[in-house]
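See below for the structure under consideration.
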Amino acid sequence: MSVRLGLMALLAEGESYGARLRSEFEERTGGTWPLNVGQVYTTLERLVRDGLVEQTGEADSEGRIGYRLTDAGRAELDAWWATPVDRTSTPRDELTIKLALAVTAPGVDVERVVQSQRTSTLRHLRDLTRLKRDALGRAEGTAEGVAAAQHGLAWLLVLENLVFAAEAEVRWLDHVESTLARHAVTVERAARAARATTSSASDTGSTVTSPGATPALLEGNPS
Amino acid sequence: MSTTPHVVISDVTRVHGTGETAVTALDHVSLEIHPGELVAVMGPSGSGKSTLLNVAGGLDRPTSGTVSIGGDTLGDLGPRDLAQLRRRRMGFVFQDYNLIPSLTAAENVALPLELDGTRARLARRQARHTLDLMNLMELSDRYPDQMSGGQQQRVAIARALVGTRRFVLADEPTGALDSHTGEEVLRVLRERCDAGVAGLLVTHEARHAAWADRVVFLRDGRVVDTTGAERAEDLLAGDGAR
Chain A
596 MSVRLGLMAL LAEGESYGAR LRSEFEERTG GTWPLNVGQV YTTLERLVRD GLVEQTGEAD
656 SEGRIGYRLT DAGRAELDAW WATPVDRTST PRDELTIKLA LAVTAPGVDV ERVVQSQRTS
716 TLRHLRDLTR LKRDALGRAE GTAEGVAAAQ HGLAWLLVLE NLVFAAEAEV RWLDHVESTL
776 ARHAVTVERA ARAARATTSS ASDTGSTVTS PGATPALLEG NPS
Chain B
119 MSTTPHVVIS DVTRVHGTGE TAVTALDHVS LEIHPGELVA VMGPSGSGKS TLLNVAGGLD
179 RPTSGTVSIG GDTLGDLGPR DLAQLRRRRM GFVFQDYNLI PSLTAAENVA LPLELDGTRA
239 RLARRQARHT LDLMNLMELS DRYPDQMSGG QQQRVAIARA LVGTRRFVLA DEPTGALDSH
299 TGEEVLRVLR ERCDAGVAGL LVTHEARHAA WADRVVFLRD GRVVDTTGAE RAEDLLAGDG
359 AR
């Protein structure tokens with residue numbers, strides 16, 4: 596997704612100007628995606644150039660220029676709402692790569708890596724849950740009006756997304772841990788069997804000494 | 119928030135069985151819970167979560183180490199005093215609510231007080247007070263089969279905390295509930311802890327453990343990790359998130 600489509604979505608609700616679009620964008624996404632005002636104006640200029648947005652007229656007394664969505668812009672926005680977000684590209688998540696490397700890197704205590712990551716993620720989850728409690732209160736509270744409650748709801752949904760992601764990460768880490776433990780047992784058994792065969796008849800059996808846990812780890816990777 | 123821990127689990131080991139077949143369910147576990155604190159226990163099955171809960175609740179005795187609640191060491195108490203402490207100072211919440219079907223919500227909440235010798239009228243009054251405190255008054259005359267799972271569990275929390283009880287032990291309290299209702303129940307539990315109760319919550323769901331101040335992670339009976347020993351007041355004093 597781009598800032599471009601975000602601004603178009605806001606303009607679909609009615610005409611607006613740069614500074615207001617910026618604050619509204621941040622408010623609606625709960626501050627998870629801070630924008631600077633320059634970014635907003637550059638994006639608006641490109642949208643105008645591409646015929647998706649147009650100015651409503653000259654600058655007002657305070658120098659603000661209004662913008663609105665064109666029919667072409669509305670069509671593009673509708674197409675965006677209707678199209679699922681592409682999740683098929685390979686993830687380049689730092690944690691995934693870190694663990695994949697940790698499994699084979701000599702001298703790295705993978706268990707420790709998993710453990711400290713889980714602690715950190717659980718702590719993050721707790722902090723998100725604290726924010727969620729406040730957001731729940733706000734989304735339910737009608738004292739500040741319907742608009743405030745709706746914004747509270749939008750923020751709540753953003754938070755929930757982060758909660759689900761953190762939760763999935765914890766589950767994946769649990770899975771990595773049990774997969775590694777199971778794999779260690781298998782390797783141990785294979786090594787013992789190999790030792791038994793080498794002592795009776797001398798043969799290779801050297802392959803089992805390599806940890807090579809990466810395939811097992813990747814099995815657990817939802818990508 | 120008081121600085122004296124309400125619950126102190128000190129170097130507790132619990133071994134089931136003897137000799138060859140001995141299984142160490144808890145291995146030198148220490149844990150403190152302050153008033154106002156909710157501590158979650160996570161870990162794979164068989165890691166010792168339930169044993170820890172049972173030992174903390176005086177249902178099981180440690181092989182070595184001590185558990186004290188509000189300054190009283192459980193191991194020093196005779197069976198009668200232990201039973202009394204359990205009735206007066208702590209309450210359990212289970213996955214399947216365990217409300218008595220033939221009693222209304224208020225009667226269920228009053229039951230522990232009545233069993234402890236409180237006269238029925240006084241017990242009912244205290245039960246209503248607790249239900250009122252938890253915004254559950256509208257449920258007071260309903261029978262368990264007239265309540266949803268989430269409502270029953272909220273009543274079960276009220277029962278666990280009626281009267282003078284300040285320690286709640288919850289064993290997978292959201293296990294039988296859908297995700298939304300589960301969150302509602304945790305919110306109630308959290309509110310009670312914010313009001314000064316000490317809570318110990320066993321769960322396997324990270325999103326539910328996230329309602330706690332701390333998460334203790336158990337594996338093979340050992341605490342392998344906690345999400346920092348910091349408490350809410352320390353967090354406020356500095357140390358940002360993460």
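Chains A and B, in that order, give the protein sequences.
So the mapping is simple: this note's numbering equals the position in the first sequence, first residue as 1, plus 595.
So the mapping is simple: this note's numbering equals the position in the second sequence, first residue as 1, plus 118.
Glycine included, C-beta positions come from ideal geometry on N, C-alpha and C.
Bear in mind that the values here come from a model prediction, so they are computed numbers and not experimental data.
Legend entry - B:V341 and B:S128 closer than 9 angstroms at C-beta: no
Legend entry - Distance between A:A695 and A:G740 (C-alpha atoms, nearest Å): 49 angstroms
Inset, instruction - Using three-state DSSP, classify B:M252 as helix, strand or coil. - result: coil
Legend entry - First and last residue of the uninterrupted alpha helix (DSSP H) at A:Y662: Element bounds for A:Y662: not the alpha helix (DSSP H) but the beta strand (DSSP E), G661 to L664.
Inset, instruction - Could you tell me the distance, in whole angstroms, from the CA atom of A:S801 to the CA atom of A:L717? - result: Any reading at A:S801 needs caution, since the residue's pLDDT is 44, under 50, leaving its predicted position unreliable; the model's value is listed next. Answer to the nearest angstrom: the Cα atoms are 40 angstroms apart.
Inset, instruction - Give me the Cα-Cα distance between A:V698 and A:T714, rounded to the nearest whole angstrom. - result: 19 angstroms
Inset, instruction - Report all residues from its chain with a CB closer than 8 angstroms to the CB of B:V185; omit the five preceding and five following residues, and keep chain order. - result: V125, V126, I127, S128, V130, V173, A174, G176, T191, L192 and G193
Inset, instruction - Check each candidate in B:L203, B:A330, B:K167 and B:G196 and name the one with the smallest Cα separation from B:D338. - result: B:K167
Inset, instruction - Return helix, strand or coil for B:D145, following the three-state DSSP convention. - result: strand
Legend entry - Best match in B:E290, B:L144 and B:M252 for proximity to B:E309 [C-alpha to C-alpha]: B:M252
Inset, instruction - Determine the contact status of B:V159 and B:L144, defining contact as a CB-CB distance below 9 angstroms. - result: no
Inset, instruction - Could you tell me whether the Cβ atoms of B:L279 and B:G183 are closer together than 9 angstroms? - result: no
Legend entry - chain A contact for B:A313 (CB, 9 angstroms cutoff): no
Inset, instruction - Answer with buried or exposed for A:V705, where buried requires no fewer than 16 other C-beta atoms within 10 angstroms of its C-beta. - result: buried
Inset, instruction - Tell me A:Y612's beta-bridge partners as DSSP assigns them. - result: A:G661
Inset, instruction - Look at the Cβ atom of B:V303, then the Cβ atom of B:R272, and state whether they are nearer than 9 angstroms. - result: yes
Inset, instruction - Name, please, each residue of chain B whose Cβ falls closer than 7 angstroms to the Cβ of A:T627. - result: Chain B residues near A:T627: none, gap ~14 angstroms exceeds 7 angstroms.
Inset, instruction - Could you tell me if A:V632 is buried or exposed, where buried requires 16 or more neighbouring beta carbons within 10 angstroms of its beta carbon? - result: exposed
Legend entry - A:T638 versus A:E671 - alpha carbon distance: 15 angstroms
Inset, instruction - To the nearest angstrom, report how far apart A:I882 and A:Q634 are at their CA atoms. - result: This structure cannot speak to residue 882 of chain A, because chain A is shown only from 596 to 818.
Legend entry - Within chain B, the residues that A:T714 reaches when beta carbons sit closer than 9 angstroms: V333, F335, D343, T344, T345 and G346
Legend entry - is_contact[A:D704, chain B] using C-beta, thresh 9 angstroms: no
Inset, instruction - With distances taken Cα to Cα, identify the nearest neighbour of B:A324 among A:R777, A:T724 and A:S597. - result: A:T724
Legend entry - Cβ shell of B:R260 (< 7 angstroms), same chain only, five flanking positions each side left out: T222 and A223
Inset, instruction - Please determine, among B:I151, B:A274 and B:R179, the residue with the shortest C-alpha to C-alpha distance to B:R332. - result: B:I151
Legend entry - Distance, A:R669 Cα to A:T678 Cα: 14 angstroms
Legend entry - Contact check, B:V133 vs B:L318, beta carbons under 9 angstroms: no
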